[in-house]
Each structure stands twice: as structure tokens, then as C-alpha cells.
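Chains as they are written, first to last, in our numbering: chain A, 1 to 228; chain B, 1001 to 1292.
From the three backbone atoms N, C-alpha and C, an ideal C-beta is built for every residue, glycine too.
Only one structure is covered here, and it is reproduced in the block below.
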Amino acid sequence: MKRSIPLLITFLVGVALIVAMFIPHWPFDVLNQNFSVFYDIIAVFAFILGGGNLLKVHIRKVQRKGGDWKYSLVTIIGFFLVLGAGLLKIGVPGGWSGDYQATGSLFKYLYDSAFQPLQATMFSLLAFFVASASYRAFRAKTREATILLVAAFIILLRPTPLGYYLTFWLPEPLQFLHVPNLSTWILSVPNMAGQRAIMIGIALGIVSTSLRLILGIERSYLGSEGKG
Amino acid sequence: MAEANTGSTWFERLGALDRRVIFLLIALAVIIPLVVHYTTTIPASRIVLDLYEAVENLPSGSKVLISFDYGPSTAPENQPMATAFTRHCLEKGHKIYLIALWATGPRQSQQLIDEVIKVEFPDKVYGEDYIHLGYKAGNQGLINALLSDFNSMYTSDLAGEDIEGFPMMEGIGTLKDFDIILAIGSGFPGTKEWVQFAGDPGDIPVGGGTTAVMAPLLYPYYPKQMLGFLGGLQGAAEYEAALMNGYPKYRTMTRRASTTMGPQVTAHLVIVGFILIGNLTYLMERRKKRKY
């Protein structure tokens, strides 16, 4: 029963959604709409599950004093601080009836003063690592690497004045070699061809995995109960 | 470092350049243009102009859905896009509906309301010209649900007010009632999901903007499934340039993307320089190895 009922639900929902896609009329259109709403409700519960899991992992790490446990402590304190600030509406003008994100609230203060600059800082660090990596790894060691290098070089030059002045003087018949034109071509022809190939491959993979799930061939999502 | 440099040739020393030197040069390449206010104006490319013209050609009063599917980490790239779209839509007299597929999105849209709409368009009325609907969980499932019934998913605005009380919500039943969707994103779910789950099945015009890293992934959708899109900060700067040409008052106003393009341009040049040096030292080393 533990396996049969989830497999039956998966089969019925999967088939119903496929039918709803090709027959967008009653009762399948209503079915599709309701399934979307169910999905959204389940997605909300995923937050509780995610939060619970995060706490479980980090509390265990602190208890065992595992590697870098102090960072886990910061995570737990941060989690409860932001959750408390939002749920209890600390500092919100107008009290319980006010917006938890209103100016003056602790939640807004934490978001603007800690979360925003920290996230921006983490992302900004990429610039340094990209520069360092491009210096050490972007080398014309093989023919393929050289093609990649030249393409990256042109794309990087595109927004710069150097990219414009290097090639703007080219005569009309050779204007396709002008860096901005060349970079547009790279993005809209070879890049698009590659992206399309990847997308078609992914789509075929999704179709085959979905069929395996619907037909009950793929059972790993059932956990250990799905074995056998 | 000192040991490695002993007795080595100049290109070997250059090849083993301490990465702290690279970090320092990148930091300077970003800081100096910011200090000296180095800005650069980039003419709008076809892909950006197509989107600009689509927004421009909509009749005044059109309903524009703007989705904020990003957070503070990519705000320097995405927020100028939101600003440019909002300025353009409100100049044209369109009605804008702000929503988010990301939990961090509403703070970005609130920032837009506080810093752009309330400051530059004080005559625009909340609930009549713009509305902040906030975030809902569900990713692409939410888009799918909105496509069949918008009002059952969004029953109130961000502040908890019933949406039926807002005049601009009249006539909104599904996503198909919007004239255009402008999806600003930096990952999943984002612009791509708006094309796949709203634009294609609902036959709704979709445009938007993504971070530069994500932009190449959207090219397969242009021009048939997407009107156009802004690729990174450069795309935002191009849209600002188009807006400046159409509405000259923006020549003297803050153009965040054009301002921050200065540091990006110099950083790109520094990276190009490093790639050149890296390859030069590599070729010299290879030549030396072949010689001996």
C-alpha cells in the first residue's frame, strides 16, 4: 500500500495533466487549474519543510561542535532574528495592523542593513575570481580553447570603447567584422544554435523521465520505500 | 612567491603573478571610474530597441505586468532595468502591476516605488496607475495558475488590501488580460519561465531583462517568443539610451545603468588585458620548452 497509492496518484495526476494540455476543455481545464493551485499550496509547505531542515542540520552541527560550527550558530541566530522581526512585527508603525516591511520596522532594517549588502558583496566577489580565473585558465592550449578564447574576447570587448575603435574604420563590405556586429552574430547564431541543441536535449530528457515516473518505472522519489 | 621567482625569466614571473595583484587592479578598475564619474552611453541594439518599440507602441492605459524575480545580489544589474521599464511605462500612461516569483522581489519593487514612482511621478495614484501585488510561492506553477485565474491567486495587494477595491484591477481575470509581461530575472524561476508558461500558452507578449550571465540562454526565444530583452547592465544602459532619445528629459536625470557601465567597461578592459598577458606568457613558455 505504501508504494501502490503514491504510484497510483502519480499516474492519475500525470495522465490528467497531459490530457489537460491537449484538451483544454471541461473538465480538464478545471482540473489543470486546480492542480496548479494545489501545487502552489504544497509549495508554501515546502518553506516550512526547508526551514525545519535548515535548523535541524545546523543545530546538530552546533551540538556536536562540528567543523565551522560557529557559522552554523550565526545561521540559527539570523534565522530566528529575521523570522521574529517579521512575525512579531517588531518596530512596525501601526503595530499589528501595519506592514511588516514598513519603514521603521526591524525587518526592513535587517534587510536593508545586513541582507542586502551581504548578498551584493558575495555576488561582487565574482568579478575578482573571474579576473583571476581568466588570467590563469583562459589560454589557447587547443584549437577548441582558442575558439572559446576568441569568442569570449570579442564579447568582453563589445561594450568597451576599445571594441568600437579597434574596428569602426573597416570598409562597408567588412563591417560584419566590426566588434559590436561580430559579438551580436556570436550571440545570435553559434550561441543560439548551441542553446537550442541543449534545450531540445533537456526537453527530451524531461519527457523520458516524466514517462518513467508516470508509468512507475522510476521510483526513487518514493525514498527507500520505493526500492524493490 | 619569492622562491618561485628566483632565477626565472620575466614571462615566468608574469605567468605566476600573485592573484592579490589581480584583485587590486580589478578593485582600482571599479573604484576609479566611480570616483571620477566615468560614464558611457551605448546605442541601443536591435534586441533592446524591439522591446522599447513594443512598449512605446502600446496605446496609453495598457496593462503592463512587471515581475521582479531577483534579489539584492543581482540588483545592480536588474534594478536599472526595472527603473527604465517603469519610467517608460508611466511616461506612456500605462498601468503597471508589480509582482514577484522570488521572495526577495517585493523589496526590490518597493524600492522602485519609493525611489522612482513616488519621486518622479508624484501625480500617479496607487491602485489607479500602479499596484504592488507582492510575492506568491509556486514558481512556474504560480504562472500556470495565474494564466487561468489571476484573482484567486492574488486576492489582496502587498499591504493586505482587497484587490477588488482598486480601479486598475477591473478587467483583470487572467494573465491574458495583460497587454505585455516584462519579466526581470536572474535565475529560476524567471524570464524563461514567463515565456514557457505564460507567453507561449497564453499568446501574451513577453519581454524583460536578465543578468548578463543568463542572457545567452534567452536568445533562442527571440524574436518569435520574446519581443526583446535586456542582457545585463549593458542591456539596461541600452534601454536607458533609447529612453533618452525618446524622452529627452532623461538626459539630465540619474541613469543608473549608464553610470555603472563605466566601472564595468574598465573592468572588462582589465580582464582583456589579463587574458592577453596570460596567453603571451603561455606562448613564451611553450616556445622556451620547444627550444630546450
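Show which residues of chain A have a CB atom less than 7 Å away from the CB atom of B:D1149. For the purposes of this step, residue 1149 of chain B is taken as residue 149 along the second sequence, with counting starting at 1. Chain A residues near B:D1149: Q33.
Name the chain B residues whose beta carbon is nearer than 7 Å to that of A:T160? As a working note, residue 160 of chain A is residue 160 in the first sequence. Within chain B, the residues near A:T160 are V1265, H1268, L1269.
Listed from N- to C-terminal order along the chain, which residues in the segment 1072 to 1097 of chain B have their beta-carbon within a distance smaller than 8 Å of any beta-carbon of chain A? Shown in chain order are the members of the segment 1072 to 1097 of chain B whose Cβ falls below 8 Å from a Cβ of chain A: P1072, S1073, T1074, A1075, P1076.
Closest Cα partner of B:G1187 within the set B:A1215, B:L1283, B:P1106: Position 187 of the second sequence, counting from 1, holds the residue named residue 1187 of chain B. Comparing Cα positions, the closest option is B:A1215.
Just to make sure I have the definition right: I need the residues of chain A whose C-beta is within less than 7 Å of the C-beta of B:L1049. Which are they? If you number the second sequence from 1, residue 1049 of chain B lands on position 49. Under the 7 Å cutoff, chain A gives no residues; its nearest Cβ is about 12 Å from B:L1049.
Are the CB atoms of A:G216 and A:F35 nearer to each other than 8 Å? Along the first sequence, read from residue 1 onward, the residue named residue 216 of chain A stands at position 216. Along the first sequence, read from residue 1 onward, the residue named residue 35 of chain A stands at position 35. Not a contact, by the Cβ cut-off of 8 Å.
When you compare only the Cα positions, how much space is there between B:L1142 and B:Q1108? Along the second sequence, one-based indexing puts residue 1142 of chain B at 142. Along the second sequence, one-based indexing puts residue 1108 of chain B at 108. Computed Cα separation, rounded: 20 Å.
Using a Cβ distance threshold of 8 Å, determine whether the segment 1216 to 1229 of chain B contacts the segment 1241 to 1255 of chain B, with at least three qualifying pairs required. no
When burial is assigned at 16 or more other CB atoms within 10 Å of the CB, is B:R1255 buried or exposed? For the purposes of this step, residue 1255 of chain B is taken as residue 255 along the second sequence, with counting starting at 1. B:R1255 is buried by the Cβ-count criterion.
Could you check how far apart the C-beta atoms of B:H1268 and A:P159 are, in whole angstroms? I think they sit under 8 Å. The sequence position of residue 1268 of chain B within the second sequence is 268, counting from 1. The sequence position of residue 159 of chain A within the first sequence is 159, counting from 1. Contact holds; Cβ gap of about 7 Å.
Could you run through the segment 131 to 159 of chain A and flag, in chain order, every residue whose CB is less than 8 Å away from some CB of chain B? Under the 8 Å Cβ criterion, the segment 131 to 159 of chain A contributes A131, S132, S134, Y135, R136, F138, R139, A140, K141, L149, A152, F153, L156, L157, R158, P159.
In the structure shown, what three-state DSSP assignment does B:H1132 receive? Your numbering for residue 1132 of chain B matches position 132 in the second sequence. Correct three-state label for B:H1132: strand.
At a Cβ threshold of 8 Å, is B:R1019 touching chain A? Position 19 of the second sequence, counting from 1, holds the residue named residue 1019 of chain B. So yes, B:R1019 belongs to the interface.
Whole angstroms is fine: what's the gap from A:Y135's alpha carbon to B:Y1282's? On the first sequence, residue 135 of chain A is found 135 positions in, with the first residue counted as 1. On the second sequence, residue 1282 of chain B is found 282 positions in, with the first residue counted as 1. Spanning the two alpha carbons is a distance of roughly 10 Å.
From B:R1290 to B:M1284, what does the alpha carbon distance come to, in whole angstroms? Walking along the second sequence from the start, residue 1290 of chain B turns up at place 290. Walking along the second sequence from the start, residue 1284 of chain B turns up at place 284. Their Cα atoms are separated by approximately 10 Å.
Is there at least one Cβ from chain B nearer than 8 Å to A:L187's Cβ? Within the first sequence, numbered from 1, the residue matching residue 187 of chain A stands at position 187. Nearest CB-CB separation between A:L187 and chain B: below the 8 Å threshold.
Using a Cβ-Cβ cut-off of less than 7 Å, list which residues of the segment 79 to 111 of chain A approach chain B; keep chain order. D99, Q101, Y111
Separation of A:I198 from B:I1047, as counted between CA atoms: Numbered from 1 along the second sequence, position 47 holds the residue referred to as residue 1047 of chain B. Numbered from 1 along the first sequence, position 198 holds the residue referred to as residue 198 of chain A. As the crow flies, the alpha-carbon of B:I1047 is around 22 Å from that of A:I198.
Using the beta-carbon count (16 or more within 10 Å), is B:P1043 buried or exposed? To locate residue 1043 of chain B, count along the second sequence from 1; it is residue 43. It is exposed - the Cβ of B:P1043 has fewer than 16 other Cβ atoms within 10 Å.
Could you say which of B:A1242, B:I1181, B:D1157, B:H1132 lies nearest to B:I1117 if we only look at CA atoms? Your numbering for residue 1117 of chain B matches position 117 in the second sequence. Ranking B:A1242, B:I1181, B:D1157, B:H1132 by Cα distance to B:I1117 puts B:H1132 first.
For the segment 1082 to 1102 of chain B against the segment 1174 to 1193 of chain B, are there 3 or more C-beta pairs whose distance is under 8 Å? yes
Can you list, in chain order, the residues of the segment 1106 to 1125 of chain B whose Cβ is nearer than 8 Å to any Cβ on chain A? P1106, R1107, Q1110
Contact set between A:V179 and chain D, taken where Cβ atoms lie within less than 9 Å: Within the model displayed, chain D is absent; protein chains A and B are what it includes.
Quick one: is A:I9 buried, meaning 16 or more other Cβ sit within 10 Å of its Cβ, or exposed? What you label residue 9 of chain A is simply residue 9 of the first sequence in a count that begins at 1. Flag for A:I9 reads exposed.
For A:Y165, go through chain B and note every residue whose CB falls closer than 9 Å to its CB, in chain order. In the first sequence, the residue the question calls residue 165 of chain A occupies position 165. Simply none; closest approach about 12 Å.
Would you call the segment 1054 to 1073 of chain B and the segment 90 to 105 of chain A touching, i.e. three or more CB-CB distances under 8 Å? Verdict: no, contact absent.
Can the beta-carbon of B:I1032 be found less than 8 Å from the beta-carbon of B:I1066? Translated into the one-based positions of the second sequence, residue 1032 of chain B becomes position 32. Translated into the one-based positions of the second sequence, residue 1066 of chain B becomes position 66. Not a contact, by the Cβ cut-off of 8 Å.
For B:I1275 and B:S1148, what's the separation of their Cα atoms in angstroms? Within the second sequence, numbered from 1, the residue matching residue 1275 of chain B stands at position 275. Within the second sequence, numbered from 1, the residue matching residue 1148 of chain B stands at position 148. Straight-line Cα distance between these residues: approximately 51 Å.
Note down, in chain order, every chain B residue with its Cβ under 7 Å from the Cβ of A:F115. Translated into the one-based positions of the first sequence, residue 115 of chain A becomes position 115. By Cβ distance, chain B contributes P1072.
I'd like to check one pair, B:P1072 with B:A1236: are the Cβ atoms closer than 8 Å? Walking along the second sequence from the start, residue 1236 of chain B turns up at place 236. Walking along the second sequence from the start, residue 1072 of chain B turns up at place 72. Taking 8 Å as the Cβ cut-off, B:A1236 and B:P1072 do not qualify as a contacting pair.
Please classify A:H25 as buried or exposed, where buried requires at least 16 other C-beta atoms within 10 Å of its C-beta. Numbered from 1 along the first sequence, position 25 holds the residue referred to as residue 25 of chain A. A:H25 is exposed by the Cβ-count criterion.
So A:F47 and B:T1074 are in contact, right, with Cβ under 8 Å, and what is the actual spacing, rounded? Residue numbering aside, residue 47 of chain A sits at position 47 when the first sequence is read from its first letter. Residue numbering aside, residue 1074 of chain B sits at position 74 when the second sequence is read from its first letter. No, A:F47 and B:T1074 are not in contact; Cβ-Cβ is about 22 Å, not under 8 Å.
When the Cα of B:V1064 is compared with those of B:D1129, B:G1232, B:E1240, which residue comes out closest? Position 64 of the second sequence, counting from 1, holds the residue named residue 1064 of chain B. Considering only alpha carbons, the answer is B:D1129.
List the residues that DSSP assigns as beta-bridge partners of B:L1098. As a position in the second sequence, residue 1098 of chain B is number 98, starting the count at 1. In the DSSP output, where bridge partners are listed per residue, B:L1098 has B:I1066, B:H1132.
Since A:G14 is in the alpha helix (DSSP H), which residue starts that stretch and which ends it? As a working mapping, residue 14 of chain A is identified with position 14 in the first sequence. Taken as a continuous stretch (DSSP letters only), the alpha helix (DSSP H) holding A:G14 covers 4 to 22.
Just curious, the beta strand (DSSP E) that B:V1206 is in, first and last residue? Translated into the one-based positions of the second sequence, residue 1206 of chain B becomes position 206. Looking at the DSSP string, the run of the beta strand (DSSP E) that includes B:V1206 is 1206 to 1210.
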